[in-house]
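Undergrad: Starting off with a structure, shown below.
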């Protein structure tokens, strides 16, 4: 009954507001985010708020209008990039500049005018080959995307990609634990390894496991949006990336498959943005009370249908520009299950922790915040903190404070020591038990994947990157990374008074060291050629058979329409 009432009210709200405006979000992989971050560090773009991504095409177009008066202060490569990306958002720039009939100027596979709007259609396609020692794996991706506006009121976006991966070294760490258990060809030791050790690639739900060396999966994002006054509303299936990090974010990330949600975003003032969403997650925990057996009349065939516990997330965040060069954000989230959607968590300004108390502490709340500093020209420093659980009454007692927190801190320096070079140094840490919970239906996961940092609990990562952009179309980087992962804290010890006895990175310990370089070339708009090579070393105490001594790995690929 609650769900029927919720959908009815939602429909009324949609129909009320859908008559007033539009907005389309830009995928978080788009190159424009890196450019705008650089402009912010160069102090050419002020009051740019990006602690909650993706941003809308209108927001990004507004940033380009701000940058227009600073073009003469840009380097040659920056001007090239500015002009190239400005074409990408020309329609929105004209629209917010007051053009009653804006036109699309960039190239698309297909584009046509709609009634008070435009439709753009493009193809997604990519091929890549990864070689490691005598093994190789190829990936083919194909699909399409479309976005645009109609009736001067509605914005829409749809993107689908079908992927086929085959070869000697399929990355099963991208599967959730349940799907790994179904891989009949893996040994128990290998299954345990893929469950423990993850990689910084988005989790996938395979549509087919054709063999030990071939899998198929799809990825779909969709959105319909509208705007009334300063309020932007959307119904969407997309990921949220909240907080900062070049090698993963600790608050909300794109580590999990995207999930359906309702979202509201509003600039409360020139200096303050507010964002809220309520999403539906997959718990992957069977609800035996709702599962049932289906038997056909002739009784020659029967099948058991498993129904999972319902699971939801609500989150909100304030992002504040305290003064030029200082942006601060603070927010909270709650994961709850079985009952809902709850009106308590549909109130955007509700204090979720108090709501958890109202619900007799059966839910799972988190607090978080970020700091983005651009006080020194060409230098961007950032910090994101995620608090899963923290006993402030015992804050200085290492055994009883329950410091289940994660953080990322980093610094990026641009045009040093010479123009067009940038350097990034970043450290991320996730303490034991972070992202976990006593109720398996309310863990900080979707479809079995952590919604925060890809490393999971009891892990850290040190990342160094030096990049060179001699021209807009070419990007060269060299990088070094150390990733360490300890054991999983037993649930019984997670809630014990002596939890602090389990030290950070307690064993068995897994250590990966990598050094390599990447090349990304864009000869034409939406056409990319990529190469990534690295030397990789693995030491794993739990499974020494996984150890690797300076193994060389190389990936070469080309794509159309996939950033």
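In this note's numbering, the protein residues as written are 15 to 577. Just so you know, even glycine gets a beta-carbon here, dropped at the ideal spot from N, CA and C.
Entirely within the region 304-328 and at least 3 residues each: give me those beta strand (DSSP E) ranges in chain order.
TA: Counting whole runs of 3 or more residues, the region 304-328 contains the beta strand (DSSP E) stretches 306-309 and 316-319.
Undergrad: For residue 405, which of helix, strand or coil comes out of DSSP?
TA: Note: residue 405 maps to coil in three-state DSSP.
Undergrad: Starting from residue 505, trace the beta strand (DSSP E) both ways and give me its first and last residue.
TA: Careful: residue 505 lies outside any beta strand (DSSP E), inside the alpha helix (DSSP H) at 505-508.
Undergrad: Could you compute how far the alpha carbon of residue 232 sits from the alpha carbon of residue 157?
TA: Using only the alpha carbons, I get a separation of about 9 Å.
Undergrad: Look at the alpha carbon of residue 511 and the alpha carbon of residue 292, and state the distance between them as a whole number of angstroms.
TA: Using only the alpha carbons, I get a separation of about 34 Å.
Undergrad: Taking all protein chains shown into account, do 16 or more other C-beta atoms lie within 10 angstroms of the C-beta of residue 561, making it buried, or fewer, making it exposed?
TA: That one is exposed.
Undergrad: Identify, in the order they occur along the chain, each residue of the same chain with its Cβ nearer than 8 Å to the Cβ of residue 258, setting aside the five sequence neighbours on each side.
TA: So the qualifying residues of the chain are 65, 384, 386, 396, 397, 398, 422 and 424.
Undergrad: Tell me whether residue 558 is buried or exposed, calling it buried when 16 or more other Cβ atoms sit within 10 Å of its Cβ.
TA: Exposed, because fewer than 16 other Cβ atoms sit within 10 Å of the Cβ of residue 558.
Undergrad: For the alpha helix (DSSP H) containing residue 367, name the first residue and the last one.
TA: Its alpha helix (DSSP H) spans residues 366-372.
Undergrad: Which runs of the alpha helix (DSSP H) fall wholly inside the region 170-245 and span at least 4 residues, in chain order?
TA: Listed in chain order, the complete alpha helix (DSSP H) runs (minimum 4 residues) inside the region 170-245 are 191-195 and 202-210.
Undergrad: Helix or strand or just coil, what does DSSP make of residue 25?
TA: A caution first: residue 25 carries a pLDDT of 39, below 50, which makes its placement in the model unreliable, though a value can still be read off. Of the three classes helix, strand and coil, the one that applies to residue 25 here is helix, per DSSP.
Undergrad: Please name the residue or residues paired with residue 277 in a DSSP beta bridge.
TA: Residue 277 is bridged to 248 and 291.
Undergrad: Please report the straight-line C-alpha distance between residue 225 and residue 181, rounded to a whole angstrom.
TA: Distance between the alpha carbons of residue 225 and residue 181 is about 10 Å.
Undergrad: State the beta-bridge partners of residue 422 as determined by DSSP.
TA: DSSP, once it has assigned bridges, lists 398 and 442 as partnering residue 422.
Undergrad: By Cβ distance, which residues of its chain are closer than 7 Å to residue 301, with the 5 residues on each side in sequence left out?
TA: Result list for residue 301: 321, 322 and 323, in chain order.
Undergrad: On the CB-based measure, 16 or more other CB atoms within 10 Å of its CB, does residue 53 come out buried or exposed?
TA: Residue 53 should be labelled buried.
Undergrad: For residue 353, which residues in the same chain have their Cβ closer than 6 Å to its Cβ, ignoring the five residues on either side in sequence?
TA: Closer than 6 Å at Cβ, skipping near neighbours: no residue.
Undergrad: Is the beta carbon of residue 167 less than 8 Å from the beta carbon of residue 297?
TA: Result no, Cβ atoms of residue 167 and residue 297 do not sit closer than 8 Å.
Undergrad: Note down, in chain order, each residue of its chain lying with its Cβ closer than 6 Å to the Cβ of residue 282, except the 5 sequence neighbours on either side.
TA: Here the set comprises 288.
Undergrad: State the start and end residues of the unbroken alpha helix (DSSP H) segment that holds residue 548.
TA: Careful: residue 548 lies outside any alpha helix (DSSP H), inside the beta strand (DSSP E) at 541-554.
Undergrad: Should residue 356 be listed as close to the ligand SAM, given that the test is whether its C-beta is under 7 Å from any heavy atom?
TA: For the ligand SAM, the structure offers nothing, since it holds no ligand at all.
Undergrad: Find the nearest neighbour of residue 80 within the set 110, 405, 90 and 200, judged by alpha-carbon distance.
TA: Answer by Cα proximity: 110.
Undergrad: Give the DSSP-derived three-state secondary structure of residue 356 in the structure shown.
TA: Residue 356: coil per DSSP, three-state reduction.
Undergrad: Hey, is the region 354-365 in contact with the region 457-471, meaning 3+ C-beta pairs nearer than 8 Å?
TA: Too few Cβ pairs lie closer than 8 Å, so no.
Undergrad: Straight-line CA distance for residue 159 to residue 546?
TA: Roughly 26 Å between the two C-alpha positions.
Undergrad: Please tell me whether residue 264 and residue 75 are closer than 8 Å, where the distance is taken between their beta carbons.
TA: The answer is no: Cβ separation not under 8 Å.
Undergrad: Work out the CA separation of residue 544 and residue 155 for me, nearest whole Å.
TA: For residue 155 and residue 544, the distance between alpha carbons rounds to 15 Å.
Undergrad: Going by C-alpha to C-alpha distance, which of 88, 344, 162 and 120 sits closest to residue 329?
TA: Of 88, 344, 162 and 120, the residue nearest in Cα terms is 344.
Undergrad: Name the DSSP beta bridge partners of residue 436, please?
TA: 428 and 481, per the DSSP bridge assignment.
Undergrad: Classify residue 103 as helix, strand or coil using the three-state DSSP reduction.
TA: The answer is coil: DSSP assigns residue 103 none of H, G, I, E or B.
Undergrad: How close, in whole Å, do the beta carbons of residue 145 and residue 261 come, if the pair is a contact with beta carbons under 8 Å?
TA: About 23 Å separates the two Cβ atoms, so there is no contact after all.
Undergrad: Should residue 192 be labelled buried (16 or more other beta-carbon atoms within 10 Å of its own) or exposed?
TA: So residue 192 ends up on the exposed side.
Undergrad: Measure the alpha-carbon distance for residue 315 versus residue 307 and round it to whole angstroms.
TA: Cα to Cα, residue 315 sits roughly 11 Å from residue 307.
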